[in-house]
Amino acid sequence: MEQIIATVRDFDGALVFVPEAGGDFPELVWGDAFFYHAPDGRMPRNVQPYGTIVTKNYPDDTASDLDPPGRWRVNIHVGRPAFRELTGEEPRGLSRPRDYAAADSVMPHPVYGALGWISVVNPGERTTDTVVRLLRAAHDAARSRSERRHEPGESPEHD
1 MEQIIATVRD
11 FDGALVFVPE
21 AGGDFPELVW
31 GDAFFYHAPD
41 GRMPRNVQPY
51 GTIVTKNYPD
61 DTASDLDPPG
71 RWRVNIHVGR
81 PAFRELTGEE
91 PRGLSRPRDY
101 AAADSVMPHP
111 VYGALGWISV
121 VNPGERTTDT
131 VVRLLRAAHD
141 AARSRSERRH
151 EPGESPEHD
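Residues in the sequence shown are numbered from 1 upward in steps of one, following the numbering used here.
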């Protein structure tokens with residue numbers, strides 16, 4: 001997990017946000033990581049992260065069985081073309097049964113797959129390179145969206 005966080009931190013303009021105990025964010029998200037394109041180092045408003053790492057089950061997201069020690073999941077917004085390539089299905093047409101708790105396997109996100117998100121529980125030898133490649137592509141796509149919002153010559157307001 002730390003290797004992936006460090007890799008994303010090295011992306012140009014990346015902001016990796018990891019809420020800690022006692023901060024302004026709910027206890028549920030403490031210890032998780034959220035990846036943004038934010039070259040000014042400030043958390044963007046009205047922009048979803050392009051990737052996350054979660055370290056526990058959430059109330060509406062338990063299929064990956066993340067509560068046992070040492071389990072975590074990386075989640076990446078990849079969009080339709082990459083989603084189809086990775087899963088063999090359309091994001092909104094998921095019908096195959098899957099073991100969302102399987103480690104080191106690329107699969108649709110158990111909750112947000114229909115929106116073009118994939119997930120990998122405990123990336124390992126088979127999937128780490130793919131995860132890094134997908135995070136890089138998601139970061140580049142987030143950068144492009146940010147640049148379109150802030151065309152040259154405009155006074156950028158912080159998202």
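Every residue, glycine too, gets a C-beta built ideally from N, C-alpha and C.
Residues in the same chain with beta-carbon distance under 7 Å from residue i, minus the five sequence neighbours each way, listed in chain order, please.
{"i": "S146", "result": "H37"}
{"i": "K56", "result": "L66 and D67"}
To the nearest angstrom, how far is the alpha carbon of residue i from that of residue j?
{"i": "L115", "j": "T87", "result": "13 Å"}
{"i": "S155", "j": "R42", "result": "Any reading at S155 needs caution, since the residue's pLDDT is 47, under 50, leaving its predicted position unreliable; the model's value is listed next. Distance between the alpha carbons of S155 and R42 is about 16 Å."}
{"i": "R96", "j": "P81", "result": "18 Å"}
{"i": "D10", "j": "V16", "result": "10 Å"}
{"i": "R84", "j": "L94", "result": "10 Å"}
{"i": "I5", "j": "P59", "result": "24 Å"}
{"i": "G124", "j": "V78", "result": "19 Å"}
{"i": "W117", "j": "V106", "result": "11 Å"}
{"i": "G23", "j": "E89", "result": "40 Å"}
{"i": "A175", "j": "A141", "result": "What the structure shows of the chain is the stretch from 1 to 159, and residue 175 is not part of that stretch, so it cannot be assessed."}
Using a threshold of 9 Å, state whether the C-beta atoms of residue i and residue j are closer than that.
{"i": "D32", "j": "V8", "result": "no"}
{"i": "D99", "j": "R126", "result": "no"}
{"i": "V208", "j": "R73", "result": "Examination of residue 208 is not possible in this model, given that the chain is present from 1 through 159 alone."}
{"i": "V29", "j": "P44", "result": "no"}
{"i": "D12", "j": "R143", "result": "yes"}
{"i": "T130", "j": "Q3", "result": "no"}
Which partner residues of residue i appear in the DSSP bridge assignment?
{"i": "I118", "result": "I76 and P108"}
{"i": "V54", "result": "R73"}
{"i": "A14", "result": "H37"}
{"i": "D129", "result": "Looking at the DSSP assignment, D129 forms no beta bridge with any residue, so it has no partner."}
{"i": "A103", "result": "V121"}
Just checking my contact of residue i with residue j at CB under 8 Å: how many whole Å lie between their CB atoms?
{"i": "D61", "j": "P110", "result": "6 Å"}
Short of 6 Å in beta carbon distance, which residues of its chain neighbour residue i, apart from the five on each side in sequence? Order them along the chain.
{"i": "G51", "result": "F35, I76, L135 and A138"}
{"i": "A63", "result": "Y100 and P110"}
{"i": "F25", "result": "P19"}
{"i": "S119", "result": "R73, N75 and H109"}
Please return the same chain residues whose Cβ sits closer than 8 Å to the Cβ of residue i, not counting the five positions on each side in sequence.
{"i": "Q48", "result": "H77"}
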